[in-house]
Every structure is written in C-alpha cells, then in structure tokens.
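Everything below concerns the one structure shown next.
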Amino acid sequence: MAGEKVKISLVLGSGGARGYAHMGIIQWLEENGYYIQSIVGSSMGALIGGIHALGKLEAYREWVYTINRMDVFRLLDFSLGEGGLVKGEKIMNALKQFMEDRRIEDLPIRYTAVASDIANEKEVWINYGNIFEAIRASISLPLFFTPYRRNGVYLLDGGILNPVPIAPTFQDDSDRIIAVNLAGPPSREYGSDDSAGKNDEDNGLTAKIQEFMQALRQGRSMRDKLGFYDVIDQAFDAMQGTIARQKIAAYPPDILVELPRNLCGMLEFERARELIDAGYRAAAQQIPLAEKRLQ
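Take the sequence shown: its position 154, counting from 1, is numbered 153 in numbering that gives the first Met the number 0, and each next residue is one higher.
In structure tokens:
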C-alpha cells in the first residue's frame, strides 16, 4: 500500500482549537509522499488522529468548516459540582457521526491516545479497546471537561503530563518520527510579544480575575466561568509549552513541526478553515527543511 512512500509515525500534540492545524499537516503529508502507519495523539491530537485512523477526517473537516461561535456554545452542556465546567456529552454525541464503534486494535493504522492519571501521577497510553472512550479520556481538559472513568481510574487530558507524546512511537518500524507541537513560542504574526504587549495582557488577565470575583459576590455563574476560563487557558498554555520543550529535548523526533501557542485561543473552534490552512503552511515550510538536514 505504501509503495515507495516514506513510512512515518505521526505524533499529534495537544492544544485545543489549534489542533485543527493537524488536519492541514496530515493533508500535506499525504500529498507529498508520506504514509502514516502509526499515530500517537494527546488531547485534540488524539481526537484528530483517531478520526483519521477511522478514515473519517475529510467528512469531519467539512463539518468543522460550518461551525460558528454560537454552534460551539450550544455544544457545551454545563455541569456544576462534577469536577468540570462541561460534561462533554453533547460534544461527544456530535462527534459520534465520525466515529464508528471500533476497537483500536482493529484499525488500519496503529493508534495510541495519551491521557493523564493524576492520582498516580503517570501517563496512560491507550492502545486497545473502544476508540471513542480513548478519545474522551484524552480530551478531558481540567476544569473544562469532567474527568473520564476508565478501568476504575479517573483520567484527564493527556496534555497535562505530555503535550507531545513521542515515546510511544519508539517500537515502531517507521522511517521517520514526525511530531507536531502546538505549544511553540508565540509569534508576532498573531500578537505582540514585546513588553508593552505583555503589560496589556497582564492587565487583561487581572481585569478578568476581578470580574470573576465580582460575579461570585453577586451570585452569577456560568457566563462568568467562561471568562475566568480564559485565565486558566493561558496558564495551561504556558505550562504545556514548558513541558513540551522538556519532552522534545528528552525524546527528540526525526522531524518537529511547531505552531505558535498564540495562533488562537484554546476554544476558538469557529476558526477551522484558517487553522487548517496554518497547519498546511507550517508543514510545507518546516518539513522539507528538516528533511534536508537529515540527508
């Protein structure tokens, strides 16, 4: 099937809505002589990788092109006192149209979803069982999704402990390990990173925190939780960026594709078209240069 194509193990990192960029990267790889024989994904990377392994990525792409901000909000089934802001049932029900009830071990592509077992402080590599459950566990973003219970263990987002999970690919017989890091250094193209910009950002975060505290005193809840989540979002992005650098340094892939962490907000799922295009451009710019270095 692969012919003379380059066989690759593809590692898809976490990053919320930035994960749409994975679709553009996959498209570029398939157009340029690469055969994806193995996928490891964390959080949104597990979702995109799983849908690709099921052969439903093109249909999923067409669906996300139609989503606007209000559609995203309608998919949020808010939860109180259950360990997360959103149950996730509406989102997962919407995704079922792209996910057959398949076992991971029966897929044509080797697939691993990475989740986090916080109680035991370890990564969990899910490479068997129902793919739907594996994805739900891997995308359980803290404070946003409620944790997912699997085999008696509560699992959270894979990006907490490993935003770019390269180690599961080490037993593969691929020609290349290509990893995608969505928590790369911020780019001026998507926002200033000078001192004035940082001060503005700090002031914005402070204002959001103050607004949230005022909302609590006044007894308001859901809409203000979303505002406060922006604060958590930025803190989580910074944490993932640090962890990703450490993991990549410890387990360097053959080729690394990076996108800036300020490419978009974690919940800006209405920007699918431009994010997919950004992934395609990043692959087209970075992979050929990396291949030259390997020669």
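Note that CB positions come from ideal geometry on N, CA and C, so glycine has one too.
For Y147, the enclosing beta strand (DSSP E) begins and ends at 147 to 149.
The C-beta distance from L274 to A16 rounds to 7 Å, short enough to fall under 8 Å. DSSP places A136 inside the alpha helix (DSSP H), whose first and last residues are 130 to 137. By the Cβ neighbour-count rule, R68 is exposed, with fewer than 16 other Cβ atoms within 10 Å of its own. For G15, no beta strand (DSSP E) segment is defined, and its DSSP state is neither H nor E. In the three-state reduction of the DSSP assignment, Q294 falls in the coil class. Note on L293: under 16 other CB atoms within 10 angstroms of its CB, so exposed under the neighbour-count rule. In the three-state reduction of the DSSP assignment, D116 falls in the strand class.
Secondary structure note for K121: its beta strand (DSSP E) is the uninterrupted segment 121 to 125. In terms of CA proximity to K55, L94 leads the group I66, K89, L94, V113. Here K246 is buried: its Cβ has 16 or more other Cβ atoms, across all protein chains shown, within 10 Å. Residue burial annotation: Y127 is exposed, with fewer than 16 other C-beta atoms found within 10 angstroms of its C-beta. Residue burial is scored here from C-beta neighbours: G32 has fewer than 16 other C-beta atoms within 10 angstroms and is therefore classed as exposed.
If you keep only unbroken beta strand (DSSP E) runs of at least 3 residues inside the segment 145 to 180, you get 147 to 149, 152 to 154. Exposed is the label assigned to R148, since fewer than 16 other Cβ atoms lie within 10 Å of its Cβ.
The DSSP-derived three-state label of I50 is helix. Listed in chain order, the non-local C-beta contacts of G240 below 6 Å within the same chain comprise A182, R260, local neighbours out to five positions each way being set aside. Here the alpha carbons of N161 and L155 stand approximately 11 Å from one another.
Take the alpha-carbon of I25 and the one of D76: they are about 31 Å apart.
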